[in-house]
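Each residue of the first sequence is one higher than the last, beginning at 0 in numbering that gives the first Met the number 0.
The C-beta atom is built at its ideal place from N, Cα and C for all residues, glycine as well.
Comments concern the structure below.
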Amino acid sequence: MPELPEVETVKETLKKQILGRKIVDVSINYDKIIEYPTTLEFKKQIVGKTIQDIKRRGKWLMFDLDDYYLLSHLRMEGKYFIKKATDTHLKHEHVIFNLDDNRELRYLDTRKFGKMHLIKKTEVMDRKPLNELGKEPWDNTLTASYLKGQYHSKKLPIKTVILDQSIIVGIGNIYADEILFLSKIHPLTRACDLNDNDLTNIIKYTKETLEKAIKEGGTTIRSYESSEGVHGRFQQSLHVHNQAICPVCNLKITKIRVGGRGTYYCEKCQKMV
DNA sequence: GTGACCACCTGGCCGC
DNA sequence: TGCGGCCAGGTGGTCA
Numbered sequence: 000m001p002e003l004p005e006v007e008t009v010k011e012t013l014k015k016q017i018l019g020r021k022i023v024d025v026s027i028n029y030d031k032i033i034e035y036p037t038t039l040e041f042k043k044q045i046v047g048k049t050i051q052d053i054k055r056r057g058k059w060l061m062f063d064l065d066d067y068y069l070l071s072h073l074r075m076e077g078k079y080f081i082k083k084a085t086d087t088h089l090k091h092e093h094v095i096f097n098l099d100d101n102r103e104l105r106y107l108d109t110r111k112f113g114k115m116h117l118i119k120k121t122e123v124m125d126r127k128p129l130n131e132l133g134k135e136p137w138d139n140t141l142t143a144s145y146l147k148g149q150y151h152s153k154k155l156p157i158k159t160v161i162l163d164q165s166i167i168v169g170i171g172n173i174y175a176d177e178i179l180f181l182s183k184i185h186p187l188t189r190a191c192d193l194n195d196n197d198l199t200n201i202i203k204y205t206k207e208t209l210e211k212a213i214k215e216g217g218t219t220i221r222s223y224e225s226s227e228g229v230h231g232r233f234q235q236s237l238h239v240h241n242q243a244i245c246p247v248c249n250l251k252i253t254k255i256r257v258g259g260r261g262t263y264y265c266e267k268c269q270k271m272v
């Protein structure tokens, strides 16, 4: 499932291929992908726009389209492909952007969870979804004292809280397990019980884990691949998520459910506070 | 404000 | 082989 490193990989891949291209038409085969505005308005506004740049904010892709941003969240299984207009259409291609060079940017999403917003640049930072996002992992203001302030009232397990995108963006289920393993924190520890050292470690290993994952093209657990069909290599670096044996102590990895999410941890290496 | 739960979706996997 | 049921999980909405 795409998390921050996967979105970063998709962004960089797309930038190499479609910057400067104009959108001459768009086909929407599944209306519910378009969260805002209406499908009709979306089509009306996006046709004729040029892809000036592609950015990322958390897990959102931001297509810079002249005076608008197209925000795209891949959710569980969203993927982008660049195809020739004559190429066969695949099942689950829900949004197809026709470009001015006879190619198409196709959004494919098996489970239809992905969302798109088309928002004026002048409004994009003041409205959902971007105005609800927390700090990027590499933000200098992401400090232990910031996390302390955010976590002090959170009695939920850290595994649940670390996934909260309004505090730190970009961490999904896979990387949450990895970050907590490296930080030696039990996933059921209440967020409010973490000390300064724990918070410092969370920040440190969030950066390290995501940086390494970006370098390796993301993680392919089940269904994620980049727009060029390239599978990420980071799954080879996973310590606990979906693993059987702890790489540190060789004990069996435990799997539990925390907040409804499959959670992997080592009972020996990750102690409750 | 907080926390628990559910819906959205489809395909893979497992047991029968 | 075919069928039914469970599971995967990011996010938003609802309710207590």
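Exercise for the section: State the DSSP-derived secondary structure class of E2, mapped to helix, strand or coil. Expected result: coil
Handout entry: Anticipated Cβ contact below 8 angstroms, D99 with K21, distance rounded
Key = 4 angstroms
Practice task
Taking I255 as the reference, give the member of N194, E210, K158, R189 with the closest Cα.
Solution key: K158
Problem - Minimum length 3: unbroken beta strand (DSSP E) runs contained in the stretch 40-100 - result: 50-56, 59-64, 67-72, 77-83, 92-98
Problem - Given C245 as reference, the closest of A143, Q269, K206 once Cα atoms are compared - result: Q269
Exercise for the section: For M124, name the three-state secondary structure that DSSP assigns. Expected result: helix
Exercise for the section: May I ask which residues mark the beginning and end of the alpha helix (DSSP H) holding V160? Expected result: 157-160
Problem - Cβ pair count under 8 angstroms reaching 3, the stretch 106-118 against the stretch 18-38 - result: yes
Problem - Integer Cβ distance of K120 from D195, believed to fall under 8 angstroms - result: K120 to D195, Cβ: 39 angstroms. No contact.
Problem - Close-in-space but distant-in-sequence residues of the same chain around R126 (CB under 7 angstroms, 5 per side omitted) - result: I118
Exercise for the section: Give the single residue among D197, F41, C191 whose Cα lies nearest to the Cα of I178. Expected result: D197
Problem - Nearest candidate by alpha-carbon position, reference K48, set L60, R56, V25, N200 - result: V25
Problem - Of the listed residues R56, H151, Q16, N172, nearest to K83 (C-alpha basis) - result: Q16
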